[in-house]
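Visitor: Dropping a structure here in structure tokens format, bear with me for questions.
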Amino acid sequence: MFRASAAAALIVAACSQPASAPAGSPIAPVSPAPGGSAASVPAPADAPAVSQEETLAAIQKAMNELDEAAQACWAVAATERFDIEGTIEMTIEIEPTSAKATVTSDTTHNAQLAGCLQQLLGAYRWAPPLHGQTIRLPFQFRAPDGQSVIDRQHVTWRGQDKVRVAVLLDENNTGNGAASMFEVAIAAGGSTGWRKAEKPEVWYFLGPARVTNPPSSKAAYRDVAAGDMMYVEAGEVRDVAAVQDVHAVIVTAPGGREGSARAGALPTPSAQPAKKAVRILPASAAKTYGPATIYLEPALAKGAPFAASVLSLAAGANVPEHVHAQETEMLYVVEGQGTMTIAGQQIAVTPTSVIQIPPGIKHAFAATAAVRAVQVYTPAGPEQRFKKQ
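If you're matching positions, the sequence shown starts at 2 in the numbering used here and goes up one per residue.
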């Protein structure tokens, strides 16, 4: 599975004495450094005596309770890049009503991750046996082979003027350069301007927008509704405008490391107005086969490097385990939830998940609530199986 491996049992020590490890540690990208310890500085002489056992228990309680939040810190940092590796040692000065966390050392060289841990440990309510003490806790992070599921709530938005961009999936945060997925937000009255697509794009509109027509057209623009798609061939020029605030999902193929988009600009140079109109794919023209409503496939757009559909699954539906030999699958969950099993590992899928599954990886899905998701395959092919249903 393309996540960090299961965390080792948490071993925390004070005064060089190990505490017992918690049973059933969850899958996490964080664990204490090998041989690491939580060193404590004794409390003031006038403080009530605290036994070593109480101190150990308080530290162990904290590590157990902080584990899920530490995973969330990793998840936030991993939206930028998944290959985070190394140890962060934190020093925490604990008082009854506050705590101050300081980064003692950081071999991950990831300021976002270290800062998140610093805030987490500073805000945590530490147990009374640790009041007045200073402890050191090491956290070790292991780089996974890649990453398949990302919560887009954690993704940073950047932009200029009335257009903002979030890089949801790219080679940096997944390890898979077959395709990239973005979400673009255009504020009311804003537009992308005339931009040349250097790679093929497929857009899915989450709200109504306007696609500007070439100057030679009779109509100045075409309206698109929520649920419509747009296909832009490599080399074509397009301009998307917003009458009201609108979001859209964009997938490009091939993908790569989307540096300029992470800085707030889609990698599309400005261009002169188009001479040819780009292709709108209205939801009303899409054809439904079983759970898939197919908007785009090579039979509809010759040379398209992907197929694009909307996948709808009822609550309780199951997609059996299968594998795509050559295709990458990407999903943008619009609504619903369930469990995705990837290479034998179960991952929760929520209404804010985005997913990428590389070729050759076994995967299955069980919907616990009705699901609607944008589904893209690159290259096209696996969508054809839905026509047999």
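Think of the CB as a built atom: it goes at the ideal place given N, C-alpha and C, for glycine as much as any other residue.
1. Here's the rule I'm using: 16 or more other beta-carbon atoms within 10 Å means buried, otherwise exposed. How should N177 be labelled?
2. What did DSSP end up calling D107 once you bin it into helix, strand or coil?
3. Measuring alpha carbon to alpha carbon, tell me which of P201, A300 and I95 ends up nearest P268.
4. Measure from the alpha carbon of A242 to the alpha carbon of each residue in T253, K363, G236 and A226, then state which is nearest.
5. Do you know offhand how far N214's Cα is from F183's?
6. In whole angstroms, give me the CA-to-CA distance for C1 and P216.
7. Evaluate the contact criterion for the stretch 84-98 versus the stretch 107-115: three or more CB pairs, one atom per stretch, below 8 Å.
8. May I ask whether a heavy atom of the ligand ADP can be found less than 7 Å away from the beta carbon of E69?
9. Return yes when the Cβ of G256 is within less than 8 Å of the Cβ of A326, no when it is not.
10. Going straight from the alpha carbon of P130 to that of A63, what length do you get?
11. CA-CA distance, G191 and R280?
12. Mind checking which residues open and close the beta strand (DSSP E) that includes R280?
13. Give the DSSP-derived three-state secondary structure of E202 in the structure shown.
14. Among residues of its own chain, excluding the 5 on either side of P283, which ones have a beta-carbon nearer than 6 Å to its beta-carbon?
15. According to DSSP, S354 sits in a beta bridge with which residue or residues?
16. Give the straight-line distance between the Cα atoms of P360 and G147, rounded to the nearest whole angstrom.
17. Checking 8 Å against the spacing of the C-beta atoms, do V311 and V334 come in under that value?
18. Does the stretch 246-261 touch the stretch 163-177, meaning 3 or more C-beta pairs lie closer than 8 Å?
19. Residues in the same chain with beta-carbon distance under 7 Å from S285, minus the five sequence neighbours each way, listed in chain order, please.
20. Is DSSP giving Q338 helix, strand or coil here?
21. Beta carbon of I348, beta carbon of V77: below 8 Å?
22. How close, in whole Å, do the beta carbons of D240 and G208 come, if the pair is a contact with beta carbons under 8 Å?
23. Can you tell me whether G25 is buried or exposed? The criterion is at least 16 other CB atoms within 10 Å of its CB, across all chains shown.
24. Please work out which residues of its chain come closer than 6 Å, Cβ to Cβ, to H364, disregarding the five sequence neighbours upstream and downstream, and give them in chain order.
25. What are the start and end residues of the alpha helix (DSSP H) that includes N177?
26. My output table needs one value for V372: the three-state DSSP class, helix, strand or coil.
27. For P367, which of helix, strand or coil comes out of DSSP?
28. Excluding five sequence neighbours on each side, which residues of the same chain lie with their C-beta closer than 6 Å to the C-beta of A70?
29. Name the one or two DSSP bridge partners that S313 has.
30. Can you name, in chain order, every residue of its own chain whose Cβ lies under 6 Å from the Cβ of A300, other than the five neighbours on each side?
31. Please confirm whether A293 and E384 have their CB atoms less than 8 Å apart.
32. What separation, rounded to the nearest whole angstrom, lies between the Cα atoms of R126 and F140?
33. Which word fits V212, buried or exposed, when buried means at least 16 other C-beta atoms lie within 10 angstroms of its C-beta?
34. Would you tell me roughly how many angstroms separate the C-alpha atoms of A272 and I356, rounded to the nearest one?
35. Got a sec, what are the start and stop residues for the alpha helix (DSSP H) D68 sits in?
36. Roughly how many whole angstroms lie between the Cα atoms of H323 and A128?
Guide: The answer reads as follows:
1. Residue environment analysis places N177 among the buried positions, since at least 16 neighbouring C-beta atoms fall within 10 angstroms of its C-beta.
2. Secondary structure at D107: strand, using DSSP grouped into helix, strand and coil.
3. Per the Cα distances, P201.
4. Taking A242 as reference, the option from T253, K363, G236 and A226 with the minimal CA-CA separation is A226.
5. When rounded, the separation of the alpha-carbon atoms in N214 and F183 is 23 Å.
6. There is simply no residue 1 to check, as the chain begins at 2 and stops at 390 in what is shown.
7. As far as the Cβ criterion goes, the stretch 84-98 touches the stretch 107-115, which means the pair count is three or higher.
8. This structure simply doesn't include the ligand ADP, nor any ligand for that matter.
9. Against a cut-off of 8 Å, the Cβ pair of G256 and A326 comes out as no contact.
10. Taking the straight line from one Cα to the other gives about 12 Å.
11. Taken atom to atom, the span from the alpha-carbon of G191 to that of R280 is near 21 Å.
12. Counted as a single uninterrupted DSSP element, the beta strand (DSSP E) harbouring R280 occupies residues R280 to L282.
13. Looking at E202 - three-state DSSP - the assignment turns out to be strand.
14. Only residues of its own chain outside the window of five on either side were considered, and among them D229 have a CB closer than 6 Å to the CB of P283, listed in chain order.
15. Its beta-bridge partners are D152.
16. Taking the straight line joining both Cα atoms gives about 13 Å.
17. When the beta-carbon positions are compared, V311 and V334 stay at least 8 Å from each other.
18. Result yes; three or more Cβ-Cβ pairs closer than 8 Å.
19. Once the five neighbours on either side are set aside, S285 has no close Cβ partner at all.
20. Strand at Q338.
21. Using a Cβ distance threshold of 8 Å, I348 and V77 do not count as a contacting pair.
22. Wrong, their Cβ atoms sit about 17 Å apart, outside the cutoff.
23. Note that G25 scores a pLDDT of 28, beneath 50, so its modelled location is shaky; the value from the coordinates is reported in the next line. Label assigned to G25: exposed.
24. If we look at H364 and ignore the five residues flanking it on each side, its Cβ neighbours are I343 and I358.
25. No alpha helix (DSSP H) contains N177, which DSSP labels as neither H nor E.
26. Here V372 sits in strand by DSSP.
27. With the sequence shown as reference, residue 367 is identified as Ala, and Pro is not the correct amino acid for it. Strand, per DSSP.
28. Sequence-distant partners of A70 (beyond 5 residues in either direction) whose C-beta falls short of 6 Å from its own C-beta, in its chain, are L121.
29. Bridge partners of S313: R373.
30. Nothing listed; no residue qualifies.
31. Yes, these two residues count as a Cβ contact at 8 Å.
32. Taking the Cα positions, R126 is about 19 Å away from F140.
33. V212 is buried by the Cβ-count criterion.
34. Rounded to the nearest angstrom, the two C-alpha atoms are 32 Å apart.
35. D68 -> alpha helix (DSSP H) spans Q53 to A78.
36. Near 48 Å, if we compare the C-alpha coordinates of A128 and H323.
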